[in-house]
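Numbering (UniProt numbering), first residue to last: 1 to 42.
Using N, Cα and C, we set each Cβ at its ideal position, and we do this for glycine too.
The structure presented is a predicted model; accordingly, all values stated were derived computationally and were not measured.
Take a look at the structure set out below.
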Amino acid sequence: MASGVTGSVSVALHPLVILNISDHWIRMRSQEGRPVQVIGAL
């Protein structure tokens, strides 16, 4: 990069994408057979 120039990355995710990733991760963890503690709140 040129002198004095800083790089940056901006990432934006829709809340439904985050929810989908979280749901997939929890399902995969629960199918491993080990007990998983899940705590949720609305």
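Three-way DSSP call (helix, strand, coil) for residue i in this model
i     : result
Ser8  : coil
Arg34 : coil
Ile26 : helix
Alpha carbon of residue i to alpha carbon of residue j, nearest angstrom
i     : j     : result
Ile18 : Arg27 : 14 Å
Ser8  : Glu32 : 38 Å
Arg29 : Pro15 : 21 Å
Trp25 : Pro35 : 14 Å
Thr6  : Leu13 : 23 Å
Gln37 : Ser10 : 33 Å
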